[in-house]
Every structure is written in structure tokens, then in C-alpha cells.
Amino acid sequence: MLVLSRKKNESIIINDNVVVTVIDVRGDKVRIGIEAPRDVSVHRQEVLEAIVNEKLKFNSDRSEESSDTVAH
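What follows is the structure, given as C-alpha cells:
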């Protein structure tokens, strides 16, 4: 993992088209702004994990339904 230090209003650029800027720092909270093209998905980790888990559950449920149909 690359670890960078940035101060308020400083940025990093990822892949020439994503800009991450430190907006504010208060205690143990850091607010960041992200500028990215519309075709680049940006999610908080916990939100992405929830999306992935829902997709896995949905696919698993469909898989079970398919095997029930085939078995009869």
C-alpha cells in the first residue's frame, strides 16, 4: 500500500483522471473530495462490501431456485 501525507486543500492524482483532495481534518475524521470521470465508480468500502454481498446473496438464491426447478 502506498501511504501519502497531505494537508488540507492538498491533492493526489490517480491515473491522470482522478483527483483526491483533502477538504477538512477534524480530530480523527478526514473529509475528502473526489473528482473522477462518470465511468469511474467511487464507493466507500462498507457500501461496496454491502453491494457485493447483496449480489452474492441474489446469485446464490437464484442458483438454489434453478436447482430446485431442475430437480422436479
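The opening position of the sequence shown corresponds to residue 3 in this note's numbering, with each subsequent residue numbered one higher. Virtual Cβ for every residue (Gly too), placed ideally from N, Cα, C. The model shown is predicted, which means the values in this text are computed figures rather than measured ones.
Return yes when the Cβ of valine 24 is within less than 7 Å of the Cβ of isoleucine 36, no when it is not.
Here residue 36 corresponds to residue number 34 of the sequence shown, with the count starting at 1. Here residue 24 corresponds to residue number 22 of the sequence shown, with the count starting at 1. Against a cut-off of 7 Å, the Cβ pair of valine 24 and isoleucine 36 comes out as no contact.
What residue from Lys10, Val20, Met3, Asn55 has the CA that sits closest to glycine 29's CA?
The count along the sequence shown starts at 1 and reaches residue 29 at position 27. Among Lys10, Val20, Met3, Asn55, the Cα nearest to that of glycine 29 is on Lys10.
Serine 43 - containing beta strand (DSSP E), residue span:
The residue you call residue 43 lines up with position 41 of the sequence shown. It is not in any beta strand (DSSP E) - serine 43 carries neither H nor E in the DSSP assignment.
Suppose the cutoff is 7 Å on Cβ atoms and the five residues either side in sequence are ignored; what does the same chain contact list for leucine 6 look like?
Counted from its first residue, the sequence shown places residue 6 at position 4. The residues are Ile14.
C-beta atoms of alanine 38 and valine 20 nearer than 7 Å
Locating residue 38 in the sequence shown gives position 36, counting from the first residue. Locating residue 20 in the sequence shown gives position 18, counting from the first residue. Yes, they are a contact pair.
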